[in-house]
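Here is the structure we will look at.
Numbering (our numbering), first residue to last: 409 to 1046.
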C-alpha cells in the first residue's frame, strides 16, 4: 500500500463580528451647526469591513469608519452597521452602540434697563437706581454700566447714583455667560435723565419809605425781594426774631425801637430747593428818641472855693446836645466867655454866679436852649501865717523834760509843725513839743506850715526860746540798819546842793523836814527821802531799818495733853541761834535745858510730868542786842 501525502487542516472558529462608535472630534453636547466626528471600532470586521452610518435609523454618511456631520439636531441618535468580510462568520451586520446628541440652539442675548428707585426727572443730588433685565444672560451674566458711554458703577444687576447731571444717558453692557451664543455684549436701551438744579431761594429787604435812622414814632415801609421764590412765595416778617406783619412782601411800622432788627423769612414753592425758609438781610434801625436837651456845668480845673486870683475852668456837660452844640457862658446873668464847652477865668470875685446856656443841634428835639445849674464861687483872700511858742518853764531840772506849745495864726484847720533844737529838726508834727534830754542853753524854735488854702507864704518861723538846765541834788542816806525791837536810830542824810527835806513815812519821825531825824520803828521800815532844790529839782535817797524782835515768853502752860498750851512757848527765839535756856525748880534743881532752843519744854523731867508749881528760868540770848541773861518764872498749871 502506499500512503498519500498529509494535509494539515486549519480550522477557524466561527466568529461574531461587532462594532462600537465614539466621538473623536466634538462633543456629545453641542451647539447647533457644530461639526462632530464619530469613529467606528470594529471587532472581526475582516480586512475590508463595510460601514453604514445611521441618524435616527436613517442611512447617512459614506462607507467609512468615520462619520462627520454639522447638521445634527437635538436628540439625534447616531449608530453604525458593520458588514464584516472575515471568514467563518457566525453572523454579520452587527449594530453599534447608540450616541444620542444634545444639540443646543444658538442664542442671541439682550438686556433692557428701567428705573426701580427714583425718577427719570430728578433734582440734582437725588439718588436713582437702575435695574437691568437680561435675556439669554446665562447663569452668571456680567454688567458694565455706563453714563454717557463712560464706565460707571460696578458689576451688578442694579446701579445707583446721586451724581447724575442733566441729559446724562444711562446704559448697561451685558456679557452673557450662556452657551451657544450667536453674539454677545448687547447694550441696553438708554435712559436719558432730566436733572434739575437745586435752587437756593434768596430774600432781601429794602426800605422804600422812610429811613434806617429815624425819630421815635416815624413810620417806615420795608419791601421784600425774592429770588427763586417760586410762583407763590410766603413772607414772614420779624422784629428781633419775633413774628410780625402779614404774608406780604411789604411791611410798615411806626412803633420801631432803637436797634430793632428787621428781617423776613422767605418760604419758596420752587421745586429742587437746596434749602428753604431763608432769612433775609437784617436792617438794624437807629431810632432816636424825641430828646429834651439839658446841660450841667462842673469845675474841672480849680475849685468852687478858691483864693483870689486863682484860675478856674468850668466845663459844660450837655445832654442831647448834638454833634456841634453851642454855648453861651454867663457870670451873674451877663454874657461872658466864648462859644466853647469850657470857660476859664482868673478874675472871679466872691459870690460870682457862673452858668451856661446850651443850643443843641441834635435831631428829634422837643425843646432847646436849656440853662445849666449855677455855681456860686467862694473867693477867699490871701492870708499870712504866723506862729509863736511858749515853754512851761525856762529852767529845767537835769534829766527832766520841757514842754513847748506853738500858737499858730492863719495856720488853717490842719497846720503842720517842724520843731528845731539849735536849728536841727526835732520832735513830731504836733503843736506840743516835749524836749526829753535838754542841754543847758538849748535854743528851741518852730516852723509852721499852714493848711490854709489861700496864703502869701506857706511857712512861718516862730520866736526862739533859750532854756537853762540845772543839776539834780545827789542824796545819800545812812542809819543803824538793824535795831532791837523798841530801839531807836537816827537817819543821816547829805546833799550836793541846798535842799529842803521830806521823809516818808513821817509818823515815826520826830521831824520829817530836817536832814537827820530820829526814827522809832516797831517793824522793819524803808525810809525814803525826797530832797528839793530851790529850782524844784528833786533828788532821792532811801535806807531800810531792820527791827529784830526780842523773846516773848508765856509764863504759864498746861502740859496735860489736851492740845492747849502743851509746851512752854518762847516766841521769836529762833532769831537767837546761840541762845541757852535753863529751868529750875524751887529747890534749885535743873529740870529743863536747851541750847539753840532745839525743843520746847513740855513740863516733864526725865520723862515724868512735874507737879503744879512755879519754876524759874534763865535765858541767855547771846547776841549783839541782848548781852545780859533774862530771868523769870513759869507756872505749870493743873
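Note that CB positions come from ideal geometry on N, CA and C, so glycine has one too.
CA-to-CA distance, residue 679 to residue 646, given in whole angstroms: Walking along the chain shown from the start, residue 646 turns up at place 238. Walking along the chain shown from the start, residue 679 turns up at place 271. Distance between the alpha carbons of residue 646 and residue 679 is about 25 Å.
Residue environment, residue 860, which counts as buried when at least 16 other CB atoms sit within 10 Å: Locating residue 860 in the chain shown gives position 452, counting from the first residue. Residue 860 should be labelled buried.
Selection from 991, 700 and 938 that minimises the alpha carbon distance to residue 1038: Working through the chain shown from its first residue, we reach residue 1038 at position 630. Considering only alpha carbons, the answer is 991.
Among 703, 615 and 934, nearest to residue 691 - alpha-carbon criterion: Residue 691 sits at position 283 when you count from the first residue of the chain shown. For residue 691, the nearest C-alpha among the options comes from 615.
Whether residue 843 touches residue 850 by CB criterion (9 Å): For this step, residue 843 is matched to residue 435 along the chain shown. For this step, residue 850 is matched to residue 442 along the chain shown. Contact flag set, yes.
Sufficient close CB pairs (3 or more, under 8 Å) joining the region 614-634 to the region 539-555: no
Limits of the unbroken beta strand (DSSP E) element including residue 460: Position 52 of the chain shown, counting from 1, holds the residue named residue 460. Counting along the chain, the beta strand (DSSP E) containing residue 460 begins and ends at 458-463.
3-residue-minimum beta strand (DSSP E) runs that sit fully inside the region 943-977, ordered along the chain: 946-956
Stretch pair the region 501-508 + the region 565-573: three plus CB contacts closer than 8 Å: no
As assigned by DSSP and simplified to three states, the class of residue 699: Residue numbering aside, residue 699 sits at position 291 when the chain shown is read from its first letter. Strand.
Residue 551 to residue 468 span [Cα, whole Å]: For the purposes of this step, residue 551 is identified with residue 143 of the chain shown, where counting begins at 1. For the purposes of this step, residue 468 is identified with residue 60 of the chain shown, where counting begins at 1. Using only the alpha carbons, I get a separation of about 45 Å.
Candidates 453, 416 and 463, of which the one nearest residue 1051 by Cα: The question about residue 1051 has no answer here: the residues shown for the chain are numbered 409 through 1046.
8 Å contact criterion, which residue 729 and residue 703 should meet: CB distance rounded: Translated into positions along the chain shown, residue 729 becomes position 321. Translated into positions along the chain shown, residue 703 becomes position 295. Residue 729 to residue 703, Cβ: 7 Å. Contact.
Chain-order list of residues whose beta-carbon lies under 6 Å from that of residue 879 (same chain, five-residue window excluded): Working through the chain shown from its first residue, we reach residue 879 at position 471. Taken in chain order, the residues that qualify are 806.
Beta-carbon proximity list for residue 1049, same chain, < 7 Å, skipping 5 on both sides: What is shown of the chain runs 409 to 1046, which leaves residue 1049 out entirely.
Beta strand (DSSP E) segment containing residue 1021, residue limits: Mapped onto the chain shown, residue 1021 falls at position 613. Residue 1021 -> beta strand (DSSP E) spans 1021-1028.
One or two residues paired with residue 612 in a DSSP bridge: Residue 612 sits at position 204 when you count from the first residue of the chain shown. According to DSSP, residue 612 bridges with 633.
Length-filtered (4 minimum) alpha helix (DSSP H) runs lying within the region 439-496: none
Span of the beta strand (DSSP E) around residue 938: Locating residue 938 in the chain shown gives position 530, counting from the first residue. Note, residue 938: beta strand (DSSP E), 933-940.
Residue 411 beta carbon less than 9 Å from that of residue 450: If you number the chain shown from 1, residue 450 lands on position 42. If you number the chain shown from 1, residue 411 lands on position 3. No. Outside cutoff.
DSSP-derived helix/strand/coil call for residue 766: The count along the chain shown starts at 1 and reaches residue 766 at position 358. In this structure, residue 766 counts as strand in the three-state DSSP scheme.
Extent of the continuous beta strand (DSSP E) to which residue 417 belongs: Here residue 417 corresponds to residue number 9 of the chain shown, with the count starting at 1. That residue, residue 417, is in no beta strand (DSSP E); it is neither H nor E in DSSP.
Burial state of residue 634, where buried means 16 or more other Cβ atoms lie within 10 Å: Position 226 of the chain shown, counted from the start, is the residue given in the question as residue 634. Buried, since its Cβ has 16 or more Cβ neighbours within 10 Å.
Whether residue 714 touches residue 762 by CB criterion (9 Å): Within the chain shown, residue 714 is the residue found at index 306, counting from 1. Within the chain shown, residue 762 is the residue found at index 354, counting from 1. The answer is no: Cβ separation not under 9 Å.
Validate contact between the region 953-960 and the region 1028-1045 using beta carbons, cut 8 Å, 3 pairs: yes
Cα-Cα separation, residue 1045 to residue 939: What you label residue 1045 is simply residue 637 of the chain shown in a count that begins at 1. What you label residue 939 is simply residue 531 of the chain shown in a count that begins at 1. C-alpha separation (whole angstroms): 58 Å.
Status (buried if at least 16 other CB within 10 Å, exposed otherwise) for residue 718: Taking the chain shown and counting its residues from 1, one reaches residue 718 at position 310. Answer is buried; the Cβ neighbour count reaches 16.
Segments assigned beta strand (DSSP E), at least 3 residues, entirely inside the region 860-909: 867-869, 876-878, 883-886, 890-892 and 900-903
Alpha-carbon to alpha-carbon, residue 515 and residue 544: By one-based count along the chain shown, residue 544 stands at place 136. By one-based count along the chain shown, residue 515 stands at place 107. Those two C-alpha atoms are separated by around 7 Å.
Other residues of its chain near residue 924: CB distance less than 7 Å, five sequence neighbours each side excluded: The residue you call residue 924 lines up with position 516 of the chain shown. For residue 924, where only same-chain residues beyond five positions count, the Cβ hits under 7 Å are 898, 899, 900 and 901.
Given residue 423 as reference, the closest of 629, 963 and 496 once Cα atoms are compared: For the purposes of this step, residue 423 is identified with residue 15 of the chain shown, where counting begins at 1. Out of 629, 963 and 496, 496 has the C-alpha closest to the C-alpha of residue 423.
Reference residue 974; option with closest CA among 999, 586 and 1017: Here residue 974 is taken as the residue at index 566 of the chain shown, counted from 1. That would be 1017, whose Cα lies nearest to the Cα of residue 974.
Identified DSSP bridge partners for residue 1007: Locating residue 1007 in the chain shown gives position 599, counting from the first residue. The partner list for residue 1007 (beta bridge, DSSP) is empty, contrary to what the question assumes.
Beta-carbon separation (whole angstroms), residue 576 vs residue 556, contact threshold 8 Å: Your numbering for residue 576 matches position 168 in the chain shown. Your numbering for residue 556 matches position 148 in the chain shown. Contact flag correct, Cβ pair sits at about 6 Å.
For residue 989, the residue or residues it bridges with in DSSP: Translated into the one-based positions of the chain shown, residue 989 becomes position 581. Residue 989 pairs with 1002 and 1027.
Nearest neighbour of residue 474, chosen from 447, 458 and 494 [CA to CA]: Taking the first residue of the chain shown as 1, we reach residue 474 at position 66. Residue 447 is the option with its Cα nearest to residue 474.
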